[in-house]
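Structure first, commentary second.
4 protein chains.
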Amino acid sequence: MNSFGRIFRVSIFGESHGQAIGVVIDGCPAGIGLGGDDFAEDLARRRGGGPGATTRREIDAPLIQSGVFEGKTTGSPIAVLFENHDIRSEDYDRLRHVPRPGHADFAAHRRYGGFRDHRGGGHFSGRLTAALVAAGVVAKKLIPPIRIRAWLEQAGGRRDIEEAIRETAGQGDSIGGLIACQAENMPIGLGEPFFDSLESLVSHAMFAIPGIKAVEFGAGFKAAEMRGSEFNDAFADASGRTKTNHAGGINGGLSNGNNLSFRVAMRPPSSIRKPQRSFDIRTGQEAELSIDGRHDACIAMRAPVIVEAATAIVLADLLLVERALRPSAEQESVG
Amino acid sequence: MNSFGRIFRVSIFGESHGQAIGVVIDGCPAGIGLGGDDFAEDLARRRGGGPGATTRREIDAPLIQSGVFEGKTTGSPIAVLFENHDIRSEDYDRLRHVPRPGHADFAAHRRYGGFRDHRGGGHFSGRLTAALVAAGVVAKKLIPPIRIRAWLEQAGGRRDIEEAIRETAGQGDSIGGLIACQAENMPIGLGEPFFDSLESLVSHAMFAIPGIKAVEFGAGFKAAEMRGSEFNDAFADASGRTKTNHAGGINGGLSNGNNLSFRVAMRPPSSIRKPQRSFDIRTGQEAELSIDGRHDACIAMRAPVIVEAATAIVLADLLLVERALRPSAEQESVG
Amino acid sequence: MNSFGRIFRVSIFGESHGQAIGVVIDGCPAGIGLGGDDFAEDLARRRGGGPGATTRREIDAPLIQSGVFEGKTTGSPIAVLFENHDIRSEDYDRLRHVPRPGHADFAAHRRYGGFRDHRGGGHFSGRLTAALVAAGVVAKKLIPPIRIRAWLEQAGGRRDIEEAIRETAGQGDSIGGLIACQAENMPIGLGEPFFDSLESLVSHAMFAIPGIKAVEFGAGFKAAEMRGSEFNDAFADASGRTKTNHAGGINGGLSNGNNLSFRVAMRPPSSIRKPQRSFDIRTGQEAELSIDGRHDACIAMRAPVIVEAATAIVLADLLLVERALRPSAEQESVG
Amino acid sequence: MNSFGRIFRVSIFGESHGQAIGVVIDGCPAGIGLGGDDFAEDLARRRGGGPGATTRREIDAPLIQSGVFEGKTTGSPIAVLFENHDIRSEDYDRLRHVPRPGHADFAAHRRYGGFRDHRGGGHFSGRLTAALVAAGVVAKKLIPPIRIRAWLEQAGGRRDIEEAIRETAGQGDSIGGLIACQAENMPIGLGEPFFDSLESLVSHAMFAIPGIKAVEFGAGFKAAEMRGSEFNDAFADASGRTKTNHAGGINGGLSNGNNLSFRVAMRPPSSIRKPQRSFDIRTGQEAELSIDGRHDACIAMRAPVIVEAATAIVLADLLLVERALRPSAEQESVG
């Protein structure tokens, strides 16, 4: 399904070179101030620019179709459209039959029996993350005092990030990145043990972002090498605040009031100018690809705001579920 | 929610020291052979034993309550119970008011307003993974020719795993572990782009296993350091088989026919004999804990079969969804 | 699916002559007093007795497996079992291959490819309504000040109900019934426009009760014959209370604060002693049936408490959803 | 939620006088031919006209935003928009504070804390049924050989329907209607026992249509007055075909291969020219209403195609679920 959430429920649709992409947000409470301007900052962060960035330039004007009246949410579903304008579908003519290594082209062709829209990656395009960001803008209005911040820590394993990207782009190649995310002022008790653990929901949302291949909470993979006496976060005091945060703010699937803290790894974009070998899916014959479309050398540069959005969507939903189930719950952050 | 899956839907319930734990499996096709004996092997793998293992010894006899008639599934919900027998609740009397560092005790106390069942961790107990394993046994019957295998690669960062655990247990401490999982003979096209990507669903299920703190697919965190020209898996031939598997068998959220391949990190168990500082939640006063109950020094040892079960649950559900949506899809593995 | 509800979620399982039937209730808040005795009254109402009643006598002892500790709900899933004891499966030997007219036998045989449990109707048995009633008992604890009451208005179109049933039973026949239900002290605004209208959810739950074939709200079918000037319920005052209740307490899918009011029709039980013609599904040859098992002549007699339970399940869920979405909503009844 | 369906999932959004209304259809298989023209016939039937009809004239041009490429569905979500053009919001200025008797105005005002869009009924408008009809057009492509047909049987209890409406409209009043629906060539086994019975799902969808207040299957309310020996549909032969259809084609929640057959009652529209008493929600003071906007005297006239659409949505989803769960099921109609 292209939907996510139990109360605050987000559905996305659209293709890169179709009429429009969009998002429908169901389960947003009434009375939240919302206008086109609210989307500007986060959409600008997603749009990116800088070294090695795509030259596709969409205006990304969010067109609110429903759910807002006189500047406030009405409680009815909020639909936001982004029309597609700056399209150069001819760049993709060749890719129709020659799948890019590392891309969804081949699997999508087989999954949809050849009916997929190949232009610009179709529904698999990173362009749909604009819809995620838009939903995140709405979600972020529901979560205060929680505050989410994500940032790019490394690109290609290097901390001189802009330089690393410039070099790679110059060589017709692409590069991965490592993104960290923190949510402060977390209440205690968001999430469920087992299937809807906070880790389950956050990771579910993270892996909805194209290109993410790994997620770790707190100490993450290091936890596998640690002993209980090291890993267990000692309480600083009776508020539940801990001296360390190896658990990433989650015990037993529930937020524990400390910062939610996790990292995600994003693979390098699959579309590169460097020649790669592939084949023609009609004939099976080998073919060489050198991809000249407008592509980012490091998509991870644009991803922190998408990571924030996906996190906000999860937390907004859990806060609403919490309200339903725990009327008199004490919700205090210890952060 | 304590449920997961769209067609093949698994719900678990129970507490460590309650009457019983159990699982309800809805959406299993009729006509699958199923009897009590089918559960024996996987339950034995989960039960563990060996160095540093808990001395709690549940018989783990799966009591099939419904959904099976004359040795075959009927298409109606399958309920399986495991009664709790070998209970020593008195071990937990002190823990009622003194939360274990690193454990869900504190967050659960706050979340449920003090009404949680503290005995043996209550609903948060690892004992509920027996229910997951039982669901996995049913799921594994639906997925052939797919074959799933998980194994413990390291404990505490060491490959001499039994020795590492023995040492740690001797010191009254516990230790984490790293588990790898592979699924062979994967069809092409399982999963969805975005919210129900194969990575989203597998990670969702993995983080439902208590103690898992990180998941990576294929090259995983290494992907953040790689270039596209390295990371992109080159096609070996027109079947879609690739020479490398940095993508872990997934592109654009869809299985690509190569092996599904991922790793998870499990933190060390929080209950250790070594003294730790905590506090009394009634008074806020400091308290020292040295946990003498029956606990594993390395829960990761027992986890591979649980990882397999969670993976099988995801794949069984996706195969049923695939059948619904892609009647004439070509489903060939390239593995 | 055998599940229903968004937050307060009920799943049922079991077969008439299997090990046990049961229910799992997820999404119940913590701290609600609950014990075995709470179920006694409603289960006794369902058990029935009186003229034309089945002689199957199950003790109907609710076995709480999980989710309750020291007499209060813990917030974890509540599982309740009812073991099957008073079974006479041999009564059903002949029915295995000869479908009863008016019964699910034939469709179930085809749906499940012959793997269904035919004994006592298997999963299709009215016995599973004990599980619904048990869930209703929990739901009724969440809805005050709302109070639900259902009653049998007519049997076979007659108001001398007991006499009508006695006559019919004496003739080896069965008889249908008309049940009315009212919920008082309704808040304003439960339900959604369109897909989750209050009518949609109540009717969905009603038709989950075996044998119900019609549902009408307020004036119901009469509404088709009325004019707007008659049908529109005039406001009695500014509280929203209306002078009439043709709408059954629902406008635009939302409760309007007046009594929720509806009627359901229950068909006569299909199992009758009077000879009926059928056929053998193995050979297609004609066969005559005279059903001697233990069956009710008027199942509608036992249904009011089931109608109440199904209504309570819907309202409990909607009240929790309402809490999530409308923190500051004015919720006043006008009834 | 404004969504419905398990695999074939329909979400609607929009307000009567907002930018646009629309529908997103997730879970539609790839390769189905679909273009703007496919919607014309059903949208024209919904648009209506004739005696007592509204004079609002929307062009109702379906704008396909996504999910279709080169005239075929791609397997990705299909979004269809209908822009709002022929708007006269000033007609509603007075209604902002004076709720119409029989309308959602009052309950919606209370539910959404006053933030609802009152213009043209906002999200509660019958205009959103254009979105339902659009989803029905897609669903109808998935269900052959099933064929659905709905028709208006009576208006105001009369069979001279046009005349009845003309009279009522002339008097500034409105009138209800009775609609019958049949689906032919039904497979055996669609639906589930209990919560997802075919009756549950069809009634759920029916009550999503504004104004429907009653649903009955087969003999419906008459069933309450019948005896088993009358009601039980005798088998005509070993195919499962029955001589009568009192069950409406459903036994035990499953389709039995005979025609699905049901009736719904639609109340008269609440907006009438005849003066009615109401009150101002700001002051509580009495107010008289005579509604002069563009309204239908008998909305039931336009409803048959909406009833068909809602039925098709249910059946399309159930057929996909059936495919998932019953690979080798015999699916023969007996109709």
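Residue numbers (our numbering), protein chains in the order written: chain V, 1 to 335; chain A, 1 to 335; chain S, 1 to 335; chain P, 1 to 335. Even glycine gets a Cβ: it sits at the ideal position worked out from N, Cα and C.
For a cutoff of 8 Å on Cβ pairs, would you count A/ARG6 as touching chain P?
It does: the Cβ of A/ARG6 has a partner Cβ on chain P nearer than 8 Å.
Would you tell me roughly how many angstroms separate the C-alpha atoms of A/LEU132 and V/TYR92, rounded to the nearest one?
So the two alpha carbons sit approximately 45 Å from each other.
Can you pull the chain V neighbours of S/GLY71, defined as C-beta to C-beta under 9 Å?
At a beta-carbon threshold of 9 Å, none of the residues of chain V lie near S/GLY71; the nearest stands roughly 19 Å away.
What number of angstroms, rounded off, separates the C-alpha of P/ARG96 from the C-alpha of V/ILE25?
Near 25 Å, if we compare the C-alpha coordinates of V/ILE25 and P/ARG96.
Are any of the Cβ atoms in chain S nearer than 8 Å to that of A/GLY14?
Against chain S, the CB of A/GLY14 has a partner CB under 8 Å away; the residue lies at that interface.
Residue burial classification, V/HIS246 (beta-carbon count within 10 angstroms, cutoff 16):
Buried, because 16 or more other Cβ atoms sit within 10 Å of the Cβ of V/HIS246.
Compare the C-beta of S/VAL68 with all C-beta atoms of chain V and state if any pair is closer than 8 Å.
Chain V, which has no Cβ nearer than 8 Å to the Cβ of S/VAL68, makes this no.
So is P/ASP292 buried or exposed if we call it buried at 16+ other beta carbons inside 10 Å?
By the 16-neighbour rule on beta-carbons within 10 angstroms, P/ASP292 is exposed.
Give the secondary structure of A/ILE212 by DSSP, where H, G and I count as helix, E and B as strand, and everything else as coil.
In the structure shown, A/ILE212 adopts extended strand secondary structure according to DSSP, grouped into three states.
Whole-Å CB distance - V/ILE7 paired with V/ASP317, under 8 Å assumed:
For a cut-off of 8 Å, the C-beta gap from V/ILE7 to V/ASP317 is around 6 Å, short enough to register as a contact.
Give me the residue from P/PHE115, P/SER76, P/ARG323 with the minimum Cα distance to V/SER11.
Of the listed residues, the one whose Cα sits closest to V/SER11 is P/SER76.
Indicate whether at least one CB of chain V lies closer than 8 Å to the CB of A/LEU254.
Chain V has a Cβ within less than 8 Å of the Cβ of A/LEU254.
Identify the continuous beta strand (DSSP E) that holds P/ASP26 and give its terminal residues.
It spans 20-26 - the beta strand (DSSP E) in which P/ASP26 sits, taken as one unbroken run.
Quickly, what does DSSP pair A/LYS336 with across the bridge? List them, please.
Shown here, chain A extends from 1 to 335; a query on residue 336 of chain A therefore has no answer.
Apart from the five residues on each side of it in sequence, which residues of its chain come closer than 7 Å, Cβ to Cβ, to P/PHE39?
Correct list, in chain order: PRO62, ALA134, VAL137.
List, from N- to C-terminal side, the alpha helix (DSSP H) runs of 4 residues or more that fit wholly inside the segment 87-166 of chain P.
Fully enclosed alpha helix (DSSP H) runs of 4 or longer: 105-111, 129-142.
A/ARG116 versus chain S: which residues are under 9 Å apart at the beta carbon?
Result: ALA30, PHE69, THR74, GLY75, SER76.
For S/GLY122, return the contacting residues in chain A, with the cut-off set at a CB-CB distance below 8 Å.
Ordered by position in chain A, the residues that pass the 8 Å Cβ test against S/GLY122 are PHE69, THR74, SER76.
Figure out for me which residue from P/THR55, P/GLY18, P/PHE194, P/ALA208 has the closest Cα to the Cα of P/GLY120.
Considering only alpha carbons, the answer is P/GLY18.
May I ask which residues mark the beginning and end of the beta strand (DSSP E) holding P/LEU63?
Looking at the DSSP string, the run of the beta strand (DSSP E) that includes P/LEU63 is 63-66.
Taking 6 Å as the limit between beta carbons, can you name the residues of its chain near V/PRO275, skipping five residues before and five after?
The answer, listed in chain order, is GLU288, SER290.
By DSSP, does P/PHE4 sit in helix, in strand, or in coil?
The answer is strand: DSSP assigns P/PHE4 an E or B state.
Measuring alpha carbon to alpha carbon, tell me which of V/PHE195, V/ASP173, V/ASN256 ends up nearest V/PHE235.
The residue with the shortest Cα to Cα distance from V/PHE235 is V/ASN256.
How should S/ILE59 be labelled, buried or exposed, when 16 other C-beta atoms within 10 angstroms of its C-beta is the threshold for buried?
That one is exposed.
Could you name the residues of chain S that V/GLY27 contacts, counting a contact when the two beta carbons are closer than 7 Å?
Those are LEU325, listed as they occur along chain S.
Nearest-angstrom Cα distance between V/VAL68 and P/LYS213?
V/VAL68 and P/LYS213: Cα-Cα distance of roughly 29 Å.
V/GLU192 and A/ASN84: beta carbons closer than 8 Å?
Inclusion of V/GLU192 and A/ASN84 in the CB contact set at 8 Å is not warranted, their separation being larger than that value.
Quick one, which of A/VAL321, A/VAL305, A/LEU325, A/GLU322 has its alpha-carbon nearest A/ARG147's?
Scanning A/VAL321, A/VAL305, A/LEU325, A/GLU322 for the CA closest to the CA of A/ARG147 turns up A/VAL305.
Name the DSSP bridge partner or partners of A/ILE59?
DSSP output for A/ILE59 lists no bridge partner at all.
For P/GLU332, decide whether its Cβ has a neighbour in chain V, counting only Cβ atoms nearer than 8 Å.
Only weak support is given to the placement of P/GLU332: the predicted model assigns it a pLDDT of 42, under 50, and the value that follows is read from those uncertain coordinates. Judged by the 8 Å Cβ criterion, P/GLU332 is not in contact with chain V.
Does S/THR73 come out as helix, strand or coil in the three-state DSSP assignment?
Here S/THR73 sits in strand by DSSP.
So A/HIS103 contacts chain V; which residues on that side make the cut at Cβ distance below 9 Å?
Simply ASN232, ASN251, GLY252.
Spell out whether any CB of chain V is found under 8 Å from the CB atom of P/GLY33.
It does not; no Cβ of chain V falls within 8 Å.
Report the CB separation of P/SER261 from P/GLY218 in whole angstroms; it is logged as a contact under 8 Å.
In this structure P/SER261 is in contact with P/GLY218, their Cβ atoms being roughly 6 Å apart against a cut-off of 8 Å.
With burial defined as no fewer than 16 other Cβ atoms inside 10 Å of the residue's Cβ, what is the status of A/SER89: buried or exposed?
Note on A/SER89: under 16 other CB atoms within 10 angstroms of its CB, so exposed under the neighbour-count rule.
Cβ shell of S/GLU286 (< 6 Å), same chain only, five flanking positions each side left out:
For S/GLU286, same chain residues with a beta-carbon under 6 Å away, outside a window of 5 residues either side, are PHE279 in chain order.
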